[in-house]
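Residue numbers (the working numbering), protein chains in the order written: chain X, 1 to 116; chain H, 1001 to 1111.
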């Protein structure tokens, strides 16, 4: 089956610093990757859609200068939370869509970010 | 109004019970209907998917889609404690790859 990994799985950082989260599709190429944010006991909130080789498309209300997304290759997308603050603490999940799939999105295991 | 509505629960049932999870939606362009299971602090995993209307069965799980009513269901038979998780419905239009999720229903199956 298709596997998507995320690194790190858990990170604690100090307020004002930046954190980079990696999302990799391990056994398939992903033309499109998605970044979600999830608060406790809530559903996934789509933050942005990332297409390989082009700029990410951000959802309304998501600050593109704060959440930098890079999709430099067909197997790797990164999310950088810049100048993190405690309110950025959340569970960040990526998913990858294979190029010939109709509906499939394969999800990573998530990254728990805690900003102190 | 949200595009997809799902009762967040929580839902608590005894082991062996039949569980019914439901979502309603308003976007008639949705054609793909998925159910994901998410364990605590993990990413969602795809359980079932259905294209357009109809039923689909996979072991103890049955997914139903009624497009005329804009209503989808997931049934779990002979529920097990290992089924305890949050279940998310998700939907997609024919074009594009964006999913729209429900809020998720937290299920606990008690031994």
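Ideal Cβ placement from N, Cα and C applies to all residues, glycine included.
Source: prediction; values computed, not measured.
Legend entry - CA nearest to the CA of residue 54 of chain X, picked from X:93, X:32 and X:116: X:32
Legend entry - residue 1064 of chain H - containing beta strand (DSSP E), residue span: 1061-1066
Inset, instruction - List the residues of chain H whose Cβ lies closer than 8 Å to the Cβ of residue 109 of chain X, in chain order. - result: 1042 and 1043
Legend entry - Three-state class that DSSP yields for residue 1082 of chain H in the structure shown: helix
Legend entry - Closest Cα partner of residue 112 of chain X within the set X:89, X:25 and X:78: X:89
Legend entry - Segment contact, 8 Å Cβ cut-off, at least three pairs: the segment 1067-1076 of chain H with the segment 1045-1054 of chain H: yes
Inset, instruction - Sort H:1059, H:1100, H:1061 and H:1058 by Cα distance to residue 49 of chain X and report the nearest one. - result: H:1100
Inset, instruction - Under 8 Å between beta-carbons, which chain X residues line up against residue 1034 of chain H? List them in chain order, please. - result: Result: 103.
Legend entry - Reference residue 7 of chain X; option with closest CA among X:37, X:15 and X:22: X:22
Legend entry - Beta-carbon proximity of residue 2 of chain X to residue 75 of chain X, cut-off 8 Å: no
Inset, instruction - Give the DSSP bridge partners of residue 7 of chain X, in chain order. - result: X:22
Legend entry - Beta-carbon gap between residue 35 of chain X and residue 79 of chain X smaller than 8 Å: yes
Inset, instruction - Quick one: using the 10 Å Cβ neighbour count with 16 as the cut-off for buried, is residue 39 of chain X buried or exposed? - result: exposed
Legend entry - Any C-beta of chain H under 8 Å from that of residue 85 of chain X: no
Inset, instruction - Quick one: list the residues of chain X neighbouring residue 1101 of chain H, beta-carbon separation under 7 Å, in chain order. - result: Neighbours of residue 1101 of chain H on chain X, chain order: 43 and 44.
Inset, instruction - Tell me whether residue 88 of chain X sits in a helix, a strand or coil according to DSSP, three-state version. - result: helix
Legend entry - Limits of the unbroken beta strand (DSSP E) element including residue 36 of chain X: Counting along the chain, residue 36 of chain X sits inside the beta strand (DSSP E) bounded by residues 32-38.
Legend entry - the segment 1088-1100 of chain H / the segment 1030-1049 of chain H touching (three or more Cβ pairs under 8 Å): The segment 1088-1100 of chain H is in contact with the segment 1030-1049 of chain H.
Legend entry - Interface residues of chain H facing residue 97 of chain X [CB-CB closer than 8 Å]: 1097
Inset, instruction - Compute the distance between the beta-carbons of residue 1080 of chain H and residue 1011 of chain H, then report whether it is under 8 Å. - result: no
Inset, instruction - Using the DSSP secondary-structure output, state which residues sit across from residue 1090 of chain H in a beta bridge. - result: H:1034 and H:1101
Inset, instruction - Under 9 Å between beta-carbons, which chain X residues line up against residue 1088 of chain H? List them in chain order, please. - result: 43 and 44
Inset, instruction - Name the one or two DSSP bridge partners that residue 1004 of chain H has. - result: DSSP lists H:1025 as the beta-bridge partner residues of residue 1004 of chain H.
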